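Residue numbers (the numbering used here): 1 to 316.
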């Protein structure tokens with residue numbers, strides 16, 4: 001049995017991913033670009049990074065991480081800025097929990113958003129591979145639009161709860177539930193097995209838990225792909241072993257991710273989100289980057305996916 005180390009939750013050995021939407025009765029004009037767009041960039045594994053300032057200094061490059069409760073910064077940034085130390089906290093990563101000191105920020109600014117008086121954990125740069133991560137504490141209660149084709153981020157006020165949901169021909173609208181920014185969809189199937197799903201823009205790989213694999217085994221005798229172990233590494237530096245399984249289709253609402261693979265691993269993050277006792281999957285960048293836009297409306301608790309123009313022609 002061979003082991004493969006994976007840096008920052010990278011998925012090795014997956015097939016090519018394709019994407020489709022179930023057909024709609026009528027077409028519609030393409031939506032206008034979202035306002036107040038913040039130009040970002042893709043990192044080495046295609047995660048979206050955006051410029052941010054800390055107490056007016058910077059800019060620094062932050063990964064936008066919808067799977068993280070808290071914003072974190074690299075230790076060298078905290079040291080260089082001479083930030084005031086706060087209480088120690090426990091940082092929960094996807095693979096483990098880690099004690100960390102916090103520092104006090106007078107403000108954290110990115111695009112139109114200014115977060116005042118924020119206490120953030122400090123982690124080694126070697127773990128983060130970035131200046132920092134923007135977590136749910138920085139983006140909750142807002143509408144966040146990821147434009148993966150143009151590497152841009154838009155952050156605006158959530159739409160009114162009474163605003164009509166106009167869904168375009170190249171979009172999928174998915175209700176979610178949850179509190180404190182931990183939004184989960186129950187409208188998800190993995191090769192016909194119903195699963196709970198959440199979007200994790202800070203993960204390069206999509207990962208399912210053991211409950212999901214057991215349900216797939218019961219349904220169709222599912223097996224792992226080969227004997228190799230893949231090692232998943234989170235922001236806390238700890239590793240966890242996973243195995244690959246092939247999937248024909250992950251269906252999220254009317255959106256189909258096809259011909260790819262999942263890492264199966266019972267990560268602590270599933271327990272943190274209350275999903276360790278049921279089939280569950282988090283949707284990482286290997287799927288998300290196949291779309292052109294993903295909108296998370298934390299106020300209305302809605303996901304909106306827009307497929308890339310290249311893929312729309314192949315929808316089934």
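For each residue, glycine too, the CB sits at the ideal point set by N, CA and C. Remember, it's a predicted structure, so these values are computed and weren't measured experimentally.
Could you give the residue range of the beta strand (DSSP E) that holds residue i?
| i | result |
| --- | --- |
| residue 90 | 84-92 |
| residue 275 | Where residue 275 is concerned, there is no enclosing beta strand (DSSP E), given that its DSSP letter is neither H nor E. |
| residue 246 | 239-252 |
| residue 187 | 185-190 |
Going by C-alpha to C-alpha distance, which of the options sits closest to residue i?
| i | options | result |
| --- | --- | --- |
| residue 245 | 56, 212 and 272 | 212 |
| residue 242 | 273, 276, 250 and 205 | 205 |
| residue 48 | 267, 133, 70 and 216 | 133 |
| residue 295 | 68, 142, 70 and 87 | 142 |
| residue 135 | 52, 224, 197 and 56 | 52 |
| residue 305 | 203, 79 and 144 | 144 |
| residue 103 | 76, 203, 247 and 209 | 76 |
| residue 182 | 41, 266 and 298 | 298 |
| residue 283 | 255, 171 and 89 | 255 |
Does the beta-carbon of residue i have 16 or more other beta-carbons within 10 angstroms, so that it is buried, or is it exposed?
| i | result |
| --- | --- |
| residue 149 | exposed |
| residue 289 | buried |
| residue 60 | buried |
| residue 126 | exposed |
| residue 286 | buried |
| residue 40 | buried |
Under three-state DSSP, which class holds residue i?
| i | result |
| --- | --- |
| residue 125 | helix |
| residue 180 | coil |
| residue 148 | coil |
| residue 288 | helix |
| residue 62 | strand |
| residue 112 | coil |
| residue 299 | coil |
With C-beta atoms as the reference, is residue i less than 8 Å away from residue j?
| i | j | result |
| --- | --- | --- |
| residue 187 | residue 174 | yes |
| residue 44 | residue 268 | no |
| residue 122 | residue 68 | no |
| residue 153 | residue 72 | no |
| residue 168 | residue 280 | no |
| residue 56 | residue 234 | no |
What span of residues does the alpha helix (DSSP H) with residue i cover, start to end?
| i | result |
| --- | --- |
| residue 205 | First-last for residue 205: undefined, no H or E at that position. |
| residue 306 | From DSSP, residue 306 is part of no alpha helix (DSSP H) but of the beta strand (DSSP E) over 302-307. |
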